[in-house]
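>
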Amino acid sequence: MNAVEVVGEDLPVFALHTRSGSYVFTVTDTGLVRQLHWGGRISAADVMVEPLWALSTNDLIEDITAQEYPAHGGFRYNEQCLMVRWPDGGRESVLRYHGYAVDGDSLTISLRDDKGLDVDLHYEVVAGGEVIKRWTTITAGCTVVLETVASAQFHIPFTDLELRNVSGHWGAEQQELVQTVSSKTVLESRRGISNHHHNPYAVLSLDATETTGRVWAAALAFSGNTKVVVEQTQYASTLLQLGINDFDSEIVLDPGESFTTPAVVCAYTDQGFDAISQHLHAYGRSLMRPGPRPVLYNSWEATNFEVTAAGQIELARRAARLGAELFVVDDGWFGRRNPDATGGIHDGLGDWWVDPVKFPEGLGPLIDEVQRLGMDFGIWVEPEMVNPESDLFAANPDWIYREPGRAPDEARGQYVLNLNLPDVRRFVLDSVDTLLTDNDIAYVKWDANRPMSQVGAGRDVWHGHIRALYDIVAELRRRHPDVLFEACASGGGRIDLGALSVFDDFWTSDNTDALDRLEIQRAYSLVYPPQAMRAWVTDVPNFLSQRSIPLQFRFHSAMLGTLGIGCDLTKFGEAELEQAAGLVAQYRQLRPRMVEFHRLENPSPNDYRLFQYCGPEGAVLYAFLPSSRLGHKPTTVRLRGLEPHARYRFTHDWQQREASGEYLMNRGLRLWLQGDYASSIITFDKVTEDPE
Ligand code: DGJ
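Pasting the structure below:
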């Protein structure tokens, strides 16, 4: 069956088919676009369209019909995708079906309001056929203000669904949030970044485990103010809406102007959370530039702001011995970036010149040495920010967001630059462009260490900032196609599919405690591909948890993502350097098979954490036991994603063994770790057939 199916002419039934499901809607005789199905596969040709019904004069057809893109007005009381202010002060929109177009795996549904608005609903089956991408374009026929303009709405014909998202804060991002939906829940960002508190997606499920049960997922590709609404309706269904947040938002369109919403990607499976993650990871990976991300060394936890040419060279020599492929100088290399006596920092941001005290000969000698050692060079920047004592702020005090008649908000001693101003956009683009042109830089860590505030009244300010950010990074990538860009916002404040469209990977959290990271990384992996998840090994006791976890466990935990090292290597003895070098070498050797990521179930009462990757060459199991208890109970590991009839060679219980994929997936292996902070890796090599 084609990805897009259309049956009928006057009131067509439309179906979008993924390999695991179908998404079906039709047009009513009053011109409403009415959703009929989101679940397992069905054919549009089989659909029996039930007549619309009003339950009572208080539950009218317009209100209870599951619409694809409901607009404000009339008897529509549910969450609306669109709320418009017309030039005459009117607020009601009456969207009617106006035709469709199919182009390969894409479908566009046109809606029109004769008062002066065209709305195009776009659908595309992407990522190898398991994900549908939706977005909406609004075109004005007269000057209108879009007060609400969501990307998409969905209706799931079940109740009592379980909702999964994350909650948290700085240092504790991506804490799994699970709740049963019984009324309305809003997960949002009002901070101008996709933020540490929640994430712009919803995963809804019915009696699901990792490997069984129905799961519906939708994620918004946007890094600013977002809003996800989940509501159990009174009519045996659950509504899901995603879009830019209508909080403090006004988007003005003049006649002929269009606004395109960020995209939402959605997927369905009846095979549980593992399958939904595979679909979403495949989509995430499809946004990423090819090739593995390099093993990096980052200086932040080792030196903080106290970077010097000599100190960085010393670290670089040791990082190279470990087998790092990239050396990144973090904060502190530019302007007059030095903490005051209280540790506060008020200078540097905005002055993107190399500090002549810390680097008397510029960055050249450090970059040369890093390259001589066989590594690429990377650098930290925070281009959307400015410090009050910088030259930039002295020259341009009106470049920041601020409220008239109020003192500007300071957080971490810094202000946010107003990227809505063309001069500011030009400055940010030019400063990073100059840095990349003047120096041989292969990697940029792009940070943003405070939320936006005091953006004032104006057209499209919150949203405009993020669109400007995307444009700047996209232009930098165009001008410097070999440079990789890492998205960081005070840790994991910018993890979303919008960021992944222009950045190459994410800094996941400033919490680098290897045990906390297992939880953070597990929740992260529900939606986002681990290949974009930066994870560092850092010193103990960890600065945040004060926990001292053995080096092997720290490495194994970080090897689940894209490996980085953030230790003060000058404090490493020979034995530690050697152990670390062995683990980096192992990671680099395993990297080609780290494609599909699985969270494995643990049937033991002991607290094993089991994760697995598989790729064309075989699989790798990562097993962790934070603390042994209950008489050192073993667990059983059942692998996933193997070829059932292929054979795999591995070492287990100190013996070389071989087993079929189906054996390893169905019966599995007994695994027994003992002690505290125990961890182990088992590699499974696919045995290639002897050609003879
Ligand atoms: C916050 C980031 O998350 C850290 O990794 C580090 O880059 C600091 N900012 C530097 O100021």
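Each residue of the sequence shown is one higher than the one before, counting from 1 in the working numbering.
Built from N, CA and C at the ideal position, the CB exists for glycine as well.
Because the structure is a prediction, the values reported are computed rather than measured.
Where does the unbroken beta strand (DSSP E) through Asn666 begin, and where does it stop?
It is not in any beta strand (DSSP E) - Asn666 instead sits in the alpha helix (DSSP H) that spans Gly661 to Asn666.
> Going by CA-CA distance only, name the one from His465, Asp368, Ala394 and Leu563 that's closest to Ala324.
Leu563
> Assuming Tyr470 is part of the alpha helix (DSSP H), what are its boundary residues?
Val461 to Arg479
> How many Å lie between Phe305 and Gln278 at the Cα?
40 Å
> Residues in its own chain within less than 8 Å of Val540 by CB, not counting five upstream and five downstream?
Arg547, Ser548, Ile549 and Arg554
> Measuring from the CB of Ser627, is there a heavy atom of the ligand DGJ at a distance below 8 Å?
no
> For my contact list, Leu239 and Glu231 are in at a C-beta cut-off of 8 Å; report their separation, rounded to the angstrom.
5 Å
> Give me, in chain order, the residues of the same chain whose beta-carbon lies closer than 6 Å to that of Asp460; leave out the 5 immediate sequence neighbours on both sides.
Ile251, listed in sequence order.
> I need the straight-line Cα distance from Asp513 to Leu560, nearest angstrom please.
14 Å
> Kindly list the residues whose CB is nearer than 7 Å to the CB of Leu526, restricted to its own chain and excluding five residues on each side of it in sequence; keep chain order.
Arg164, Val203, Phe273 and Ser277
> Based on Cα-Cα distance, which residue from Arg96, Ile682 and Arg91 lies nearest to Glu62?
Arg96
> Sort Arg599, Leu11, Ala457 and Glu617 by Cα distance to Ala275 and report the nearest one.
Arg599
> Look at the Cβ atom of Phe222, then the Cβ atom of Leu107, and state whether they are nearer than 9 Å.
no
> State the CB to CB distance for the pair Tyr201 and Ala217, rounded to an integer number of angstroms; the pair is presumed to be in contact (CB under 8 Å).
Right, the Cβ-Cβ distance comes to about 7 Å (below 8 Å), so this counts as a contact.
> Look at Gly350 and Leu419 and say whether their C-beta atoms are less than 9 Å apart.
no
> Just tell me which of Leu639, Arg629 and Pro616 has its CA closest to the CA of Ala623.
Leu639
> Listed in chain order, which residues are found with a beta carbon closer than 6 Å to a heavy atom of the ligand DGJ?
Trp300, Asp330, Asp331, Trp380, Asp447, Asn449, Cys488, Ser490, Gly491, Trp507 and Asp510
> Go ahead and pull the three-state DSSP assignment for Phe506.
strand
> Which residue's Cα is closest to the Cα of Ser490: Ala448, Gly631, Tyr528 and Trp399?
The shortest C-alpha separation from Ser490 is found at Ala448.
> Using a Cβ-Cβ cut-off of 8 Å (strictly less than) and excluding sequence neighbours within five positions of Pro605, which residues of its own chain qualify?
Leu630 and Lys633
> What is the rounded straight-line gap between the Cα of Ser167 and the Cα of Ser205?
Taken atom to atom, the span from the alpha-carbon of Ser167 to that of Ser205 is near 18 Å.
> Counting pairs of Cβ atoms below 8 Å between the segment 186-200 and the segment 491-498, do you hit three or more?
yes
> Excluding sequence positions up to five away, which residues of its chain have a Cβ less than 7 Å from the Cβ of Ser680?
Ala623 and Leu673
> Check this for me: beta carbons of Ala619 and Leu583, under 9 Å apart or not?
No, they are not a contact pair.
> Expressed to the nearest angstrom, what Euclidean distance is found between the alpha-carbon atoms of Ser501 and Trp300?
26 Å
> Between the Cα of Ala310 and the Cα atoms of Lys358, Cys266 and Gly141, which residue gives the shortest distance?
Lys358
> Please go through the segment 259-319 and give each complete beta strand (DSSP E) segment of 3 or more residues, from N-terminal end onward.
Segments of the beta strand (DSSP E) lying fully in the segment 259-319: 264-269 and 296-298.
> Pick out the complete alpha helix (DSSP H) segments inside the segment 474-561, 4 residues or longer, and give them in chain order.
At a cut-off of 4 residues, the continuous stretches assigned as alpha helix (DSSP H) that sit fully inside the segment 474-561 are 497-502, 514-524 and 551-559.
> Of the residues Gln174, Leu253, Asp120 and Leu392, which one's Cα is nearest the Cα of Phe506?
Gln174
> Have a look at Ser56, Gly8 and Tyr69 and flag the residue whose alpha-carbon is nearest the alpha-carbon of His155.
Tyr69
> Per DSSP, what kind of secondary structure is Trp86 in: helix, strand or coil?
coil
> Give the single residue among Gly284, Phe543 and Ala320 whose Cα lies nearest to the Cα of Pro294.
Ala320
> Per DSSP, what kind of secondary structure is Leu583 in: helix, strand or coil?
helix
> If we ignore side chains and look at the alpha-carbon of each, how far apart do Leu55 and Phe684 end up?
59 Å
> In the structure shown, what three-state DSSP assignment does Trp399 receive?
helix
> Determine the DSSP secondary structure at Pro691, reduced to helix, strand or coil.
Bear in mind that the predicted position of Pro691 carries a pLDDT of just 48, short of 50, making it unreliable; the figure below should be weighed with that in mind. Pro691 falls in the coil class under three-state DSSP.
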